[in-house]
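*Asks:* Residue numbers (full-length UniProt numbering): 1 to 368.
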């Protein structure tokens, strides 16, 4: 114990008291830090609750406009398809059968349903094929087989086979380009010229940005020389696949177009990439290929927003307007007869075309 003089008296320094004050100071600092750390999660939880409350409120608010109401129904349907029981989904596909015989079954694939499984996919077409096979006419013990694929957001004709042998035959027809496919799409802008052929190879690349992701993109074999503008052949990308798409404008209005598309090859996302990056006319609702370096909602022209009665902030909910309209393939070996299957566009597609004042041809009128 030590002593110090001052103020006319003797003051004693008590080590225990000093240590107690220091300890209390440390404890109060730790408590403040702990309180701040605890407050952060609470603030985050509060923000999450507010966002959830806002989302629930928006869900309860039913849009007065029929098109916006239909868009919301489609978004909800896409989520429901991932939670629905396989038997219920198989029944829905059964109602969409447009043709069936001893070897082939053609269905009308609905919007938002993946063909294959993958990350985040709980239900897909492939999973319910055994159940669907039992529901069809001339049912067999063997399950149905996939012959080709459509993107999750693409609607329309899809062919299945009743046996492995039939599936191999149909896949061979696709591979040797004996299958004729016709799609309809609503695009932003009008392709120039109004009819033509896009023949540019496609390759998958990683997009380096704040949110890295992969996209299919063009890998042309030529470039324009800056000196004279002439086409100069460049080295071919070894990973690129040959891709050819024939297109034709059926109608144009409201800064949009109704297109007929005939893909000659079958590269992943071929039509979407050729339209967006080859012709500069992305498909309405194609948020993935409306930008290159970012993942963001599609930006629509003002006149299209006005006709669709949408706000730019709500375009994220727009579905992809790409529909597999018709598909035909040889009916038998060596014969000239062909089997043809057709599906009318879904209601959201027809409604958007009507709003945009795009005149949709009647069945058979679009042939050209």
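All C-beta atoms, glycine included, are put in the ideal place defined by N, C-alpha and C.
1) What residue ranges within the region 253-326 form continuous beta strand (DSSP E) runs of no fewer than 3 residues, ordered along the chain?
2) How about residue 218 and residue 267: are their beta carbons less than 8 angstroms apart?
3) Counting along the chain, where does the alpha helix (DSSP H) carrying residue 88 start and finish?
4) Here's a check: name, in chain order, each residue in its chain whose Cβ is nearer than 6 angstroms to the Cβ of residue 198, leaving out the five neighbours to either side.
5) Would you grab the beta carbon distance between residue 284 and residue 187 for me? Rounded to a whole angstrom, and I think it's under 8 angstroms.
6) Within 8 angstroms, do at least three Cβ pairs link the region 104-117 to the region 147-162?
7) Could you tell me the distance, in whole angstroms, from the CA atom of residue 178 to the CA atom of residue 45?
8) Run through DSSP, which three-state label would residue 46 get?
9) As a quick exercise: from 223, 206, 327, pick the residue whose alpha carbon is nearest that of residue 343.
10) Enumerate in chain order the residues of its own chain whose CB-to-CB distance from residue 100 is below 8 angstroms, with the five nearest sequence positions on each side excluded.
11) Just curious, the beta strand (DSSP E) that residue 164 is in, first and last residue?
12) Run the CB neighbour count on residue 296, radius 10 Å, all protein chains shown included, and call it buried at 16 or more, exposed below.
13) Rounded to the nearest angstrom, how far is the Cβ of residue 264 from that of residue 240, given a contact under 8 angstroms?
14) Ordered along the chain, which non-local residues of its own chain (more than five positions away) have a Cβ less than 6 angstroms from that of residue 114?
15) Enumerate in chain order the residues of its own chain whose CB-to-CB distance from residue 209 is below 7 angstroms, with the five nearest sequence positions on each side excluded.
16) Under the three-state reduction of DSSP, which class applies to residue 241: helix, strand or coil?
17) Mapping DSSP to helix, strand and coil, what is residue 354?
18) Classify residue 26 as buried or exposed, calling it buried when 16 or more other Cβ atoms lie within 10 Å of its own Cβ.
19) Assuming the contact rule is C-beta atoms closer than 8 angstroms, residue 261 and residue 251 should be a hit. Round their C-beta distance to whole Å, please.
20) Helix or strand or just coil, what does DSSP make of residue 194?
21) Could you check whether residue 321 and residue 185 sit closer than 8 angstroms to each other, using their CB atoms as the reference points?
*Replies:* With the given structure in hand:
1) 256-263
2) no
3) 86-95
4) The answer, listed in chain order, is 245, 274, 278.
5) 7 angstroms
6) yes
7) Spanning the two alpha carbons is a distance of roughly 57 angstroms.
8) helix
9) 327
10) For residue 100, same chain residues with a beta-carbon under 8 angstroms away, outside a window of 5 residues either side, are 106, 136, 137, 138 in chain order.
11) Here residue 164 belongs to no beta strand (DSSP E); instead the alpha helix (DSSP H) covers 164-175.
12) With fewer than 16 neighbouring CB atoms inside 10 Å of its own CB, residue 296 falls in the exposed class.
13) That pair is no contact at about 16 angstroms.
14) Once the five neighbours on either side are set aside, the close Cβ partners of residue 114 are 121, 124, 152.
15) 293, 294
16) strand
17) helix
18) The pLDDT assigned to residue 26 is 48, lower than 50, so where the model puts this residue is not dependable; a value taken from the coordinates is nonetheless given after this. So residue 26 counts as exposed.
19) Going by Cβ atoms, the distance from residue 261 to residue 251 rounds to 14 angstroms, so no, they are not a contact pair.
20) coil
21) Cβ distance < 8 angstroms, so residue 185 and residue 321 count as in contact.
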